[in-house]
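>
Number of protein chains: 2
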Amino acid sequence: MKVFWVFAHPEPRSLSGALRDAGVAALREQGHEYRMSDLYAMGWDPVVTGDDFGAPAADRLLGASASKTAYRAGALRADIAAEQEKLRWADTVIIQFPLWWYGMPAILKGWFDRVFVKDFAYGVRDADTGRTLVYGNGGLVGRRAMVITTIGAPGPSIGPRGIHGHLDELLFGLQHGTLFYTGMAVVPPVAVPSADRLGAAEYERVAGYLRQRLADLPTTEPIAFRHRDSGDYDDDLVLRPDRSPDAGGLLMHAHRCMPMPPRRGSPPAPVVPTALAPPK
Amino acid sequence: MKVFWVFAHPEPRSLSGALRDAGVAALREQGHEYRMSDLYAMGWDPVVTGDDFGAPAADRLLGASASKTAYRAGALRADIAAEQEKLRWADTVIIQFPLWWYGMPAILKGWFDRVFVKDFAYGVRDADTGRTLVYGNGGLVGRRAMVITTIGAPGPSIGPRGIHGHLDELLFGLQHGTLFYTGMAVVPPVAVPSADRLGAAEYERVAGYLRQRLADLPTTEPIAFRHRDSGDYDDDLVLRPDRSPDAGGLLMHAHRCMPMPPRRGSPPAPVVPTALAPPK
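Going down the list, the sequences are from chains A and B. Everything in the first sequence is counted per the working numbering, starting at 833 for the first residue and increasing by one. Everything in the second sequence is counted per the working numbering, starting at 833 for the first residue and increasing by one.
In C-alpha cells form, the structure reads like this:
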C-alpha cells in the first residue's frame, strides 16, 4: 500500500499518538510505504479564506467557483497543493482523530474544507457524458479510506441505540458525504471507546487490533454505501421507496443494514461499528 | 430576548451575510438585544492547544482535565473567556453557517472545541446529588438555541430519504450532542437549500421566513429530544427497547418521530426539517 495518514491530535503523548506510532510501525513491518500529515505538528491552518485561492480581496469569495478557478490555474496556496499531491500519490488514506463534540477537531475539519476543492476532489466530470461524478466516483476514486477514532464515551452509549447516537451515523458526513462522495472506498472504522480510561492491557489489545486491521486493509470489504448511479436514487437524488423501505435513518444509504444490539455489561471493547459493515 | 449570534462565513457579501444582516435588523425592530461573534471578522483561532489552558509545555495536554483546571483557575485564554461571557449573558444562542462537507466550517467547529470547556458547558454536577448533568441539563441550561444554515444541495436531496442524508441527522452532533447536551433547548433549524441558486424573489421569501422565525423564537416549541434523566435510557445510556422500538437512526432520540416524505417536483423552498419538529 501507499498509505497517506492524516493525524489530528494536539498531544503526541496521547492514546491517539501511541496508536499512530504503533500503526506506522506496523505499516513499516508489513512493507508498506507511508506519508504522514501530522496537522498539529505542521501548524496546519484550517480556516478557508480568499488567500487560499489567490483571489483579489475585492473579489467576492464564491466558494466552489473560486476554488475551482484557483485549482485549474495552479494558484492554490502551497500548503493545500502539498496535501493534494500526497492524496494523488496514495492508494490508501487514513484519517485519525479523537472525537470532539461528536465530530472532527477543527484542525482536521479545515483540512477537508481547504484541500478537497472543486475539480480536484469533487465536481469532476465524466469525459464522455459530461456528468458530474459523485458518491462512489469522483476525483479520489481508486483509493481506500479508513477512519481511526478515539472516543471518551463507553461503547454502548455510541452503539446503535446509545444516547450519543450511533457512531456509524455520527461519522456519516465524513465517511459517506466526504470520503465516499469523492470516490473513495471506505472500510469500517477502527473506533476505540472509553478512550480516557484505557489500561495498559486494554491498550495492548487495541494496538494489536489496529495492527491486524492495517494488515487486512487491502482486502477488507468496504462499507456498502449505495452509488449515485446505482439506480437506487431518483432524479431528485431521493432513495426510491422500494429500497430499504423500513430502514430509518442514515443507514438506508448502505445496501446492507444490520443494526446489532449493543452488548451490555461487558467490559469496554474496541468497537467496530457494525451497522454499516457488510455481513461476515 | 438577549440573543448571542455566532456567525461563520468568510464573505459578508454572501447569502449568509445578507441573511445575518436581515436577521439582526429584525431583532432590532422587534426590540431585542443582541451580541454578535462574527468569527471570520474576529480572526477567531479555532485550534485547541495547550496555550488555551495556560498549561506548561512540559505538561501533557489532558483535554477535559486541563480545560477544567484552567476554567476553575480563570486561566483560560482571553478570547475563550470573552465568548463564555457572551454565553452567560444570553438567553438565546443562534449558530449560523454554510454547510460545508455536511458539517460546520472549521472556524465554527473550533469555536465549540475551545469555548465549550468542562465545568463551563458540560461536566457540571448537581449540587445535591453530585450527578453530572447532560442532555437537557448542564452549564448552558435555560437558554434557547437555533441553527441557521445555507446548503448548496436542493431540498429533496437533504430530506428524509435524500442521498446526502437527512439534514436533521447531519446536524445531530451539533443540535443534540452539543447544544442539547449542554442543557439548551433547541428549536428546529432555519435551513436554506439550493443556496447557490437563489434568485432575488426567493431571497425575499427566505428573509421573510427568517424574520418570522426570529419573531416566533421565544415561543417556538423546541425539538423534543429525550432528556438523559427521562427514564428512557438504561444505566449504559442505551435507549430502552420499548422506546421508539421501530425507529431506525438518530431520530429515535426525540420523543416524536415523524419522518415526512420529501415533496418532489416542487420548486426549491426553505426547508424546515420536520422529522424532529414537534407536531403542529
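Ideal Cβ placement from N, Cα and C applies to all residues, glycine included.
In chain A, what lies closer than 7 angstroms to Trp932 (chain B) by C-beta?
Those are Asp945, listed as they occur along chain A.
> What residues in its chain sit with their C-beta under 7 angstroms from that of Arg1060 (chain B), if we drop five residues either side in the sequence?
Excluding positions up to five away in sequence, the list reads Val966, Tyr967 and Gly968.
> Using the Cβ count rule (16 or more neighbours within 10 Å means buried), how would you classify Val1019 (chain A)?
Buried, since its Cβ has 16 or more Cβ neighbours within 10 Å.
> Kindly indicate which residue of B:Val856, B:Ala953 and B:Gln1044 has the alpha-carbon position closest to the one of Ala913 (chain B).
Comparing Cα-Cα distances from Ala913 (chain B) to each of B:Val856, B:Ala953 and B:Gln1044, the minimum goes to B:Ala953.
> Can you give the Cα-Cα distance for Val880 (chain B) and Thr982 (chain A), rounded to whole angstroms?
For Val880 (chain B) and Thr982 (chain A), the distance between alpha carbons rounds to 17 angstroms.
> Taking the DSSP output, what are the residues bridged to Gln1116 (chain A)?
Nothing about residue 1116 (chain A) can be read from this structure; chain A reaches only from 833 to 1112.
> Classify Asp1074 (chain A): buried if its beta carbon has 16 or more other beta carbons within 10 angstroms, exposed otherwise.
Asp1074 (chain A) should be labelled exposed.
> By how many angstroms is the C-alpha of Tyr903 (chain A) removed from the C-alpha of Pro930 (chain A)?
Taking the straight line joining both Cα atoms gives about 30 angstroms.
> Could you give the DSSP three-state label for Val1070 (chain A): helix, strand or coil?
The answer is strand: DSSP assigns Val1070 (chain A) an E or B state.
> Check whether chain B comes within 8 angstroms of Arg993 (chain A), counting only Cβ atoms and requiring the distance to be less than that.
Output row for Arg993 (chain A): interface = yes.
> Just grab the DSSP bridge partners of Glu861 (chain B) for me.
Answer is none; Glu861 (chain B) lacks a bridge partner.
> Could you tell me how far apart the beta carbons of Ser989 (chain A) and Asp1068 (chain B) are, in whole angstroms, since I believe they sit closer than 8 angstroms?
Their Cβ separation, rounded to whole angstroms, is 6 angstroms, which keeps Ser989 (chain A) and Asp1068 (chain B) in contact under 8 angstroms.
> Would you say Gly886 (chain A) faces chain B, with C-beta separation under 8 angstroms as the test?
No, Gly886 (chain A) lies away from the interface with chain B (no Cβ there is under 8 angstroms from its Cβ).
> Taking CB distances under 8 angstroms as the criterion, tell me whether Arg904 (chain B) reaches chain A.
No - not a single Cβ of chain A is within 8 angstroms of the one on Arg904 (chain B).
> If you drop the 5 nearest sequence neighbours on each side, which residues of the same chain put their C-beta closer than 8 angstroms to that of Gly997 (chain A)?
Here the set comprises Tyr934 and Ile990.
> Enumerate in chain order the residues of its own chain whose CB-to-CB distance from Gly1081 (chain B) is below 7 angstroms, with the five nearest sequence positions on each side excluded.
Closer than 7 angstroms at the Cβ level, and outside the excluded window around Gly1081 (chain B), lie Glu1001.
> Is the CB of Pro1020 (chain A) under 8 angstroms away from at least one CB in chain B?
No, its Cβ sits nowhere closer than 8 angstroms to a Cβ of chain B.
> According to DSSP, is Val1022 (chain B) part of a helix, a strand, or is it coil?
The answer is strand: DSSP assigns Val1022 (chain B) an E or B state.
> With a threshold of 6 angstroms on Cβ separation, who are the neighbours of Thr1113 (chain B) within its own chain once the five nearest residues in sequence on each side are excluded?
With chain B running from 833 to 1112 in the structure shown, residue 1113 (chain B) is simply not present.
> Give a yes or no on whether the minimum CB-CB distance between Lys941 (chain B) and chain A is below 8 angstroms.
Yes, its Cβ sits closer than 8 angstroms to a Cβ of chain A.
> Give the interface partners of His1085 (chain A) over in chain B, defined as CB-CB distance under 8 angstroms, in chain order.
Residues of chain B passing the Cβ test: Ile995 and Gly997.
> Hey, how far is the Cα of Pro842 (chain A) from the Cα of Ala873 (chain A)?
Each residue's alpha carbon lies about 8 angstroms from the other.
> Candidates B:Met833, B:Ala858, B:Ala898 and B:Pro844: which alpha carbon is nearest Arg1043 (chain B)'s?
The shortest C-alpha separation from Arg1043 (chain B) is found at B:Ala858.
> Could you run through the region 1002-1033 of chain A and flag, in chain order, every residue whose CB is less than 9 angstroms away from some CB of chain B?
Listed by position along the chain: Leu1002, Phe1004, Gly1005, Leu1006, His1008, Gly1009, Thr1010, Tyr1013 and Asp1028.
> In terms of DSSP beta bridges, what is Gly1009 (chain A) paired with?
None; Gly1009 (chain A) has no bridge partner.
> Is DSSP giving Lys834 (chain A) helix, strand or coil here?
Three-state result, Lys834 (chain A): strand.
> Going by DSSP in three states, Tyr1065 (chain B) sits in which element: helix, strand or coil?
The answer is strand: DSSP assigns Tyr1065 (chain B) an E or B state.
> Pick from B:Lys950, B:Gly906 and B:Ile926: whose alpha carbon is nearest that of Thr821 (chain B)?
In the structure displayed, chain B extends from 833 to 1112; residue 821 (chain B) sits before or after that span and is not available.
> Determine the DSSP secondary structure at Arg845 (chain A), reduced to helix, strand or coil.
Looking at Arg845 (chain A) - three-state DSSP - the assignment turns out to be coil, as it is neither helix nor strand.
> From the DSSP output, read off the bridge partner residues of Phe1057 (chain A).
DSSP, once it has assigned bridges, lists A:Ala1086 as partnering Phe1057 (chain A).
> Within the 8 angstroms Cβ cut-off, does Thr881 (chain A) reach chain B?
So yes, Thr881 (chain A) belongs to the interface.
> Can you tell me which of the three DSSP states Tyr872 (chain A) falls into?
Residue state, collapsed to three classes: helix.
> Give the residues from the region 957-984 of chain A that approach chain B closer than 7 angstroms (Cβ to any Cβ), ordered along the chain.
Residues Tyr967.
> Below 7 angstroms on C-beta distance, what does Ala1079 (chain B) contact in chain A?
Neighbours of Ala1079 (chain B) on chain A, chain order: Gly1080.
> I'd like the list of long-range same chain contacts for Asp958 (chain A), defined as Cβ closer than 7 angstroms, with 5 residues on each side in sequence excluded.
Correct list, in chain order: Leu965.
> How is Arg1037 (chain B) classed by DSSP in three states: helix, strand or coil?
Here Arg1037 (chain B) sits in helix by DSSP.
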